[in-house]
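> Before I ask anything, here is the structure I am working with.
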Amino acid sequence: MATIVDKIKAIEDEMARTQKNKATSAHLGMLKAKLAKYKRELITPKGGGGEKGEGFDVAKTGDARIGFVGFPSVGKSTLLSNLAGVYSEVAAYEFTTLTTVPGVIRYKGAKIQLLDLPGIIEGAKDGKGRGRQVIAVARTCKLIFIVLDVLKPLGDKKIIEHELEGFGIRLNKSPPNITFRKKEKGGVNLTCVVPQSELDLNSVKQILGEYRISNADIILKKEKSTDCDSALIPLL
52 MATIVDKIKA IEDEMARTQK NKATSAHLGM LKAKLAKYKR ELITPKGGGG EKGEGFDVAK
112 TGDARIGFVG FPSVGKSTLL SNLAGVYSEV AAYEFTTLTT VPGVIRYKGA KIQLLDLPGI
172 IEGAKDGKGR GRQVIAVART CKLIFIVLDV LKPLGDKKII EHELEGFGIR LNKSPPNITF
232 RKKEKGGVNL TCVVPQSELD LNSVKQILGE YRISNADIIL KKEKSTDCDS ALIPLL
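According to my numbering, the residues represented by the sequence shown are 52 to 287, in order.
Right under this line is the structure:
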C-alpha cells in the first residue's frame with residue numbers, strides 16, 4: 052500500500068510531466084489541491100496521533116510566538132540562551148537539540164515566546180529526519196526566524212525556504228485576498244469581484260471536494276489562478 056510520501060511523489064511527478072496551459076490549468080489545480088492535502092496529513096496525521104512527536108510542540112504562552120528554524124549546529128540554541136537566558140544544550144556536533152526548547156522575552160510590554168526548534172535537513176518536506184515534526188510546530192508561529200551559517204547563508208536560506216514552502220508556510224507574503232466561509236447548507240457560492248481567467252465555479256467545487264467541503268461562500272477579490280498555494284488551499 053502506498054504511503055503518503057509515495058502519493059506526494061507520484062503527484063509531483065505527474066505535475067512535472069504536465070504542460071501548463073489553459074487546457075490543463077484545472078487538472079493542475081486538482082493535483083495541487085491533493086498535494087496540499089497529503090502534505091497536511093504528513094505533519095498532522097488523521098486522528099491527531101503519532102507522527103507529531105512528543106516534546107516538539109509546547110504550550111503557547113504570551114502575545115506572540117517566534118520559531119528559530121535552521122540547519123543543525125548554526126547557533127539557534129546559543130541565540131535563545133543569549134536572548135532569553137534559557138539553557139539549551141550546545142555542542143560541537145549536529146542535532147544537539149532533539150526537542151523544542153522554549154524561552155520568553157518581553158518587549159515594550161509584550162510577552163513573546165521563543166522556540167528553539169531542532170535542526171532540519173534538506174528533504175524535510177519529504178519526511179526526512181525530524182522535518183515534519185519541526186515544520187508542524189513552525190506552522191504555529193507568528194514569525195519564523197531563520198538562523199543561518201555565516202559561511203553559506205544564501206544557499207542555506209534558499210533551501211530552508213523551499214522546505215517550509217513545501218508545507219504551505221508562506222514566508223514574507225501577504226495572505227490571499229479571498230473571503231472563505233463554511234456553512235451548513237446551500238452548496239458552494241462563488242463571487243468574483245474581478246474577472247477570473249482560470250478559476251471558475253466548477254474548479255472551486257473540485258478543489259473543495261478534496262477537503263470534503265460541499266457548502267461554502269467564497270469571494271475572490273483579485274485575479275487568482277488554480278495555483279492552490281496562492282489561492283484557496285491556505286484558507287481550508
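Note that beta-carbon positions come from the ideal geometry of N, C-alpha and C, so glycine has one too.
Kindly indicate which three-state DSSP category Asn240 falls into: helix, strand or coil?
In the sequence shown, the residue the question calls residue 240 occupies position 189. Strand.
> Would you mind stating whether Ile211 and Val120 have Cβ atoms separated by less than 8 angstroms?
Working through the sequence shown from its first residue, we reach residue 211 at position 160. Working through the sequence shown from its first residue, we reach residue 120 at position 69. Contact: yes.
> Looking only at DSSP bridge pairs, what is Thr230 linked to?
Taking the first residue of the sequence shown as position 1, residue 230 is located at position 179. Beta-bridge pairing links Thr230 to Ile270.
> Check for me: the alpha helix (DSSP H) holding Pro204 runs from which residue to which?
Residue 204 sits at position 153 when you count from the first residue of the sequence shown. Where Pro204 is concerned, the enclosing alpha helix (DSSP H) stretches over Pro204 to Glu216.
> Just reading off the alpha helix (DSSP H) that Asp57 is part of, what are its end residues?
Reading the sequence shown from its first residue, position 6 is the one you call residue 57. Segment Ile55 to Arg68, the alpha helix (DSSP H) holding Asp57.
> Check each candidate in Leu165, Arg157 and Thr112 and name the one with the smallest Cα separation from Ser132.
The sequence position of residue 132 within the sequence shown is 81, counting from 1. Of the candidates Leu165, Arg157 and Thr112, the one whose C-alpha sits nearest the C-alpha of Ser132 is Leu165.
> Considering Lys127, what are the terminal residues of the alpha helix (DSSP H) in which it resides?
Here residue 127 corresponds to residue number 76 of the sequence shown, with the count starting at 1. That run of the alpha helix (DSSP H) goes Lys127 to Ala135.
> Using C-beta distances below 7 angstroms, list every residue in its chain close to Leu199, excluding the 5 sequence neighbours before and after it, in chain order.
By 1-based counting over the sequence shown, the position of residue 199 is 148. So the qualifying residues of the chain are Gly121, Val125, Asp207 and Lys208.
> Checking the sheet assignment: what are the DSSP bridge partners for Lys90?
The residue you call residue 90 lines up with position 39 of the sequence shown. None; Lys90 has no bridge partner.
> Apart from the five residues on each side of it in sequence, which residues of its chain come closer than 7 angstroms, Cβ to Cβ, to Lys85?
The sequence position of residue 85 within the sequence shown is 34, counting from 1. Cβ within range, chain order: Ile62 and Glu261.
> Ordered along the chain, which non-local residues of its own chain (more than five positions away) have a Cβ less than 8 angstroms from that of Asn266?
Taking the sequence shown and counting its residues from 1, one reaches residue 266 at position 215. Excluding positions up to five away in sequence, the list reads Lys233, Lys234, Glu235, Lys236, Gly237, Gly238 and Val239.
> Using the Cα positions of Lys73 and Gln247, report the straight-line distance between them to the nearest angstrom.
Translated into positions along the sequence shown, residue 73 becomes position 22. Translated into positions along the sequence shown, residue 247 becomes position 196. Cα-Cα distance, rounded: 12 angstroms.
> Assuming Leu252 is part of the alpha helix (DSSP H), what are its boundary residues?
Start at 1 with the first residue of the sequence shown, and residue 252 comes out as number 201. Counting along the chain, the alpha helix (DSSP H) containing Leu252 begins and ends at Leu252 to Gly260.
> Which value, in whole angstroms, describes the spacing of the CA atoms of Arg116 and Thr150?
On the sequence shown, position 65 is the one that residue 116 refers to. On the sequence shown, position 99 is the one that residue 150 refers to. So the alpha carbons of these two residues sit roughly 16 angstroms apart.
> When you compare only the Cα positions, how much space is there between Cys243 and Lys256?
If you number the sequence shown from 1, residue 243 lands on position 192. If you number the sequence shown from 1, residue 256 lands on position 205. When rounded, the distance between both Cα atoms is 15 angstroms.
> The beta strand (DSSP E) that contains Gly154, what's its start and end?
Working through the sequence shown from its first residue, we reach residue 154 at position 103. Run containing Gly154: Val152 to Tyr158, per the beta strand (DSSP E) assignment.
> Give the single residue among Ile186, Ser128, Leu168 and Lys203 whose Cα lies nearest to the Cα of Arg221.
Looking up residue 221 in the sequence shown gives position 170. Here the closest residue by C-alpha is Ile186.
> Would you call Phe146 buried or exposed, if buried means 16 or more other Cβ atoms sit within 10 Å of its Cβ?
Here residue 146 refers to the residue found at position 95 of the sequence shown. Confidence at Phe146 is low in this model, with a pLDDT of 43, below 50, so the placement of that residue should be treated as unreliable; the coordinate-derived value is given next. Exposed, because fewer than 16 other Cβ atoms sit within 10 Å of the Cβ of Phe146.
> Run through DSSP, which three-state label would Arg116 get?
Counting from one through the sequence shown, the residue named residue 116 turns up at place 65. Arg116 falls in the strand class under three-state DSSP.
> Report the option in Tyr89, Ser128 and Ile195 whose CA atom is closest to the CA atom of Leu215.
In the sequence shown, counting from the first residue as 1, residue 215 sits at position 164. Cα-wise, what sits closest to Leu215 is Ile195.
> Rounded to a whole number of angstroms, what is the C-alpha to C-alpha distance between Ala110 and Pro227?
Indexing the sequence shown from 1 puts residue 110 at position 59. Indexing the sequence shown from 1 puts residue 227 at position 176. Straight-line Cα distance between these residues: approximately 28 angstroms.
> Need the endpoints of the beta strand (DSSP E) that Ala161 sits in, please.
Reading the sequence shown from its first residue, position 110 is the one you call residue 161. First-last of the beta strand (DSSP E) with Ala161: Ala161 to Asp167.
> Give me the residue from Lys193, Ser254 and Pro204 with the minimum Cα distance to Lys224.
One-based indexing of the sequence shown puts residue 224 at position 173. It is Lys193 whose Cα lies nearest to the Cα of Lys224.
> Are the C-beta of Ser248 and some C-beta of chain C separated by less than 8 angstroms?
Given the protein chain composition of this structure (a single chain), no chain C is represented.
> If we call anything under 8 angstroms between Cβ atoms a contact, is Ile156 one with Leu134?
Here residue 156 corresponds to residue number 105 of the sequence shown, with the count starting at 1. Here residue 134 corresponds to residue number 83 of the sequence shown, with the count starting at 1. Yes, these two residues count as a Cβ contact at 8 angstroms.
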